[in-house]
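Asks:
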Amino acid sequence: MPRGERRAEVLSRLASFPRPDFSFLDPRQAIPRPAPRSSSFAATSTPNPMTAVSRSSSTRSRSASADTGGAKAGARHIAVMDTTLRDGEQTPNVSYTPAEKLQLARMLLVDCEVDRIEMASTRVSAGEREAAQAITKWARKERLIQRIEMLGYTDGKKSVDWICDAGGKVLNLLTKGSERHCVEQLGLTPEQHRTKISETIRYARRKRLTVNVYLEDWSRGVRDSFDYVFAMVQTLRELRVARIYLADTLGVFAPTDVTRYVGLMAATWPAVDFEYHGHNDYGLATSNCLAAIQAGARGVHTSVNGMGERAGNTSLAEIVAATHDHSDARTAIREDRLTALSNMVETFSGKELSANTPIVGRDVYTQTAGIHADGDAKGGLYGTDLAPARFGGARRYALGKLSGKASLDHNLANLGIALSDNDRDLVLARIVELGDKKRIVTPDDLPYVLTDVLKTPEDQLVKVESYHVDVASGQEPRAQVALAYKGNVEKAEASGAGGYDAFMNALKKAAKQLSIEVPVLADYRVRIPPGGRTGALVETTITWVFEKSSQTNRQKTGETFSTLGVDPDQLGAAIIATEKMLNAVITRRPDSRPRANAKNTPRGASRTPRRRGTETKKRASD
Ligand SMILES: [Zn+2]
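In terms of the numbering used here, the sequence shown has 375 at position 384, counting the first letter as 1, and numbering is strictly consecutive.
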């Protein structure tokens, strides 16, 4: 296929290229619900002692399916209790509205199939109660009420009454797991504390609540005094609580500690459902959680994106992937929904995730080095079990200085585009040039770069050698331009209503010296790739019109054509588009030939936004 025809075909394909779908980020959007699974928590809804819960654990060891990351027949089921809406909300400056909480609860329980969620602290605020009521109302209708938990305190009837009022059925009772916290913070002897715990639990049971118990600061408690912890657990067993939560509240454990002390707990009370609640102060939360599973914990506590106080909690995505790939256990979580869930929490919380966050970070499936892209093309040589499709992502190949032809080919193939070797080299050269400006060129930018390169006349005759634009508040914008054509360089200077207007006025002067006719600017449009990154490329399309006076009716008629520029800077993009216009005027090539009688209403022409402050741009001649 001749180069010109291929270009035309590629350009028409780019014009219809679909934009990425970000609608899942819209909190008003209803979350599509997967078909209900056969196993239901309704079967385990009796507020019942450990015996019932142990049975439920074994009956819930679902056969692993493809969407939870591959088959492990007969694997031990690990319950996941996600506390994004309670512990996760203790992240500084994070507060979810009741509507956001409901949306996240649905996504966690229904979409991702997390076993249980903790969604409120009792007695916090009226807003908290409102959110709790909305969620419990929904959960009752969906028969998920036993999977909604709320944190309460050893305060006699208060927390229990609050939960009942909010429509809840499960109390997660916060108790002291270390003697130091008991004595120094509460000012109670261990016996007094156990008495208060018994009172609250007995009242909760009268109110038909299921009771789980947190042993706060258990990690230091079990290390300092196993006798204290032993007495606590014996009491809780007698009170027939459903589960006991072993909290490393301050994130002080390392995996070897977890192996030792969770192992000790599981060996001492083999019938008790212990769940591990870790914090990430040493960056060890995922490792610790994995160690807890291997040491006999039957469940783990997580938060989406590891949100939580200080260094946060155990990341849901990380522990799910690690459990599936590094233990003989399974969770019920749908891995393929984890990225969407992470995005939603990122949006609602306003806490941006680092791009290199494992499993769900923006860059973790992006190959930067060309040699990796090349290896992927030759039989997945650089692939691991962390296949992006598992987590609802896709392998991406970065475009930049290091990327090379193989990365570009992967991205072109994703767009369904085949270029001539010559054009491919031009695109690659432009990507490297943009990369040198320290801009990240992403696959989202590629359609813009392609359009830019393919719309550049093959032989550039006129060149904007350099320009200098000054825009400052309270001063008239000024511009200097040096224009080169056929070995001559003409320099000119002018002012204007805006930075680009001043540039155009200077350009017209220089062009006149070179006998180049400059058409009138009719339309000026700016677009950035979806996603709204500040480092994104800017695409500027300018429509020009050659005005001709008709001798018969003295009306002006025009021939219009458009040129396009792509650059990290808006003014830079406009100047590239202008340079292309000059070349189109000179060459009148088929792909830039003026279209006769095209209707185009001038609107907003040359209305370049006037910026505050001083702006000076220089473009090195290339
Ligand atoms: Zn915590």
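Even glycine gets a Cβ: it sits at the ideal position worked out from N, Cα and C.
Using 10 angstroms around the beta-carbon of Leu372, count the other beta-carbons present and answer buried if the total reaches 16, otherwise exposed.
Replies: exposed
Asks: Check Ser3 in the structure and name its three-state DSSP category.
Replies: helix
Asks: Between the segment 266 to 276 and the segment 319 to 329, do three or more beta carbon pairs fall short of 8 Å?
Replies: Judged by Cβ distances under 8 Å, the segment 266 to 276 makes no contact with the segment 319 to 329, as fewer than three pairs qualify.
Asks: Which value, in whole angstroms, describes the spacing of the CA atoms of Ile566 and Lys454?
Replies: 11 Å
Asks: Is Asp272 near Ala302, with beta carbons less than 9 Å apart?
Replies: yes
Asks: Gly366 by DSSP, collapsed to three states: which one?
Replies: helix
Asks: Out of Thr250, Val249 and Thr554, point me to the one whose CA is closest to Leu617's CA.
Replies: Past the boundaries of the shown model lies residue 617; the chain is included only from -8 to 613, so the question cannot be answered.
Asks: Using the beta-carbon count (16 or more within 10 Å), is Met98 buried or exposed?
Replies: Answer is buried; the Cβ neighbour count reaches 16.
Asks: In the segment 124 to 155, which residue ranges form an unbroken beta strand (DSSP E) of at least 3 residues, counting only runs that do not cross its ends?
Replies: 139 to 143
Asks: Spell out a yes or no on whether the segment 160 to 170 and the segment 117 to 126 are touching, meaning 3 or more CB-CB pairs, one atom from each, closer than 8 Å.
Replies: no
Asks: Sorry if obvious, but does the Cβ on Gly118 come closer than 8 Å to a heavy atom of ligand 1?
Replies: Every heavy atom of ligand 1 is 8 Å or more from the Cβ of Gly118, so no.
Asks: Taking C-beta to C-beta, are Val355 and Ala346 nearer than 9 Å?
Replies: yes
Asks: Go to Thr284, then tell me how far its alpha helix (DSSP H) extends in each direction, as first and last residue.
Replies: The sequence given here places Ile at residue 284; Thr does not occur at that position. Ala276 to Ala286 is the span of the alpha helix (DSSP H), which, as asked, contains Ile284.
Asks: Assess contact between the segment 145 to 155 and the segment 183 to 199, defined as three or more Cβ pairs (one per stretch) separated by less than 8 Å. Is contact present?
Replies: yes
Asks: Which same chain residues, not among the five before or five after Tyr476, have their C-beta less than 6 Å away from its C-beta?
Replies: Val453 and Leu505
Asks: By the three-class DSSP mapping on this structure, what secondary structure does Val249 have?
Replies: helix
Asks: Using a threshold of 9 Å, state whether the C-beta atoms of Tyr252 and Val213 are closer than that.
Replies: yes
Asks: Can Glu229 be considered in contact with ligand 1, in the sense that its beta carbon sits closer than 8 Å to one or more heavy atoms?
Replies: no
Asks: Report yes if the CB atom of Ile422 is closer than 9 Å to the CB atom of Leu399, and no otherwise.
Replies: yes
Asks: Just verifying my parser: in three-state terms, what is the DSSP assignment at Ser86?
Replies: coil
Asks: Within 10 angstroms of the Cβ of Thr88, are there 16 or more other Cβ atoms? Answer buried if so, exposed if not.
Replies: exposed
Asks: How long is the line joining the alpha carbons of Val460 and Gly(-5), rounded to whole angstroms?
Replies: 35 Å
Asks: Using the beta-carbon count (16 or more within 10 Å), is Glu343 buried or exposed?
Replies: exposed
Asks: Between Asn413 and ligand 1, is the CB less than 8 Å from at least one heavy atom?
Replies: no
Asks: Give me the residue from Ser86, Ile139 and Phe339 with the minimum Cα distance to Arg107.
Replies: Ranking Ser86, Ile139 and Phe339 by Cα distance to Arg107 puts Ile139 first.
Asks: Can you tell me where the beta strand (DSSP E) with Thr693 in it begins and where it stops?
Replies: Beyond the ends of the chain as shown, which are -8 and 613, falls residue 693; an answer cannot be given.
Asks: Is Glu300 a contact residue of ligand 1, with contact defined as CB to any heavy atom under 8 Å?
Replies: yes
Asks: Across which residues does DSSP place Val213 in a beta bridge pair?
Replies: The partner list for Val213 (beta bridge, DSSP) is empty, contrary to what the question assumes.
Asks: Ligand 3 heavy atoms versus the CB of Asn271: any closer than 8 Å?
Replies: With respect to ligand 3, the structure shown offers nothing to examine, as its ligands consist of ligand 1.
Asks: State yes or no: is the C-beta of Gly290 within less than 9 Å of the C-beta of Ala568?
Replies: When the beta-carbon positions are compared, Gly290 and Ala568 stay at least 9 Å from each other.
Asks: Could you check what DSSP says for Lys160 in three-state terms: helix, strand or coil?
Replies: coil
Asks: To the nearest whole angstrom, what separates the beta carbons of Leu498 and Leu474, a pair I think is in contact under 8 Å?
Replies: The beta-carbon distance between Leu498 and Leu474, rounded to whole angstroms, is 7 Å. This is short enough to meet the 8 Å contact definition.
Asks: Do the segment 325 to 337 and the segment 108 to 117 touch if we need at least three Cβ pairs shorter than 8 Å?
Replies: no
Asks: At the level of alpha carbons, what is the spacing between Thr293 and His315?
Replies: Roughly 15 Å between the two C-alpha positions.
Asks: Taking Glu119 as the reference, which of Leu93, Leu135 and Ala130 has the closest Cα?
Replies: Leu93
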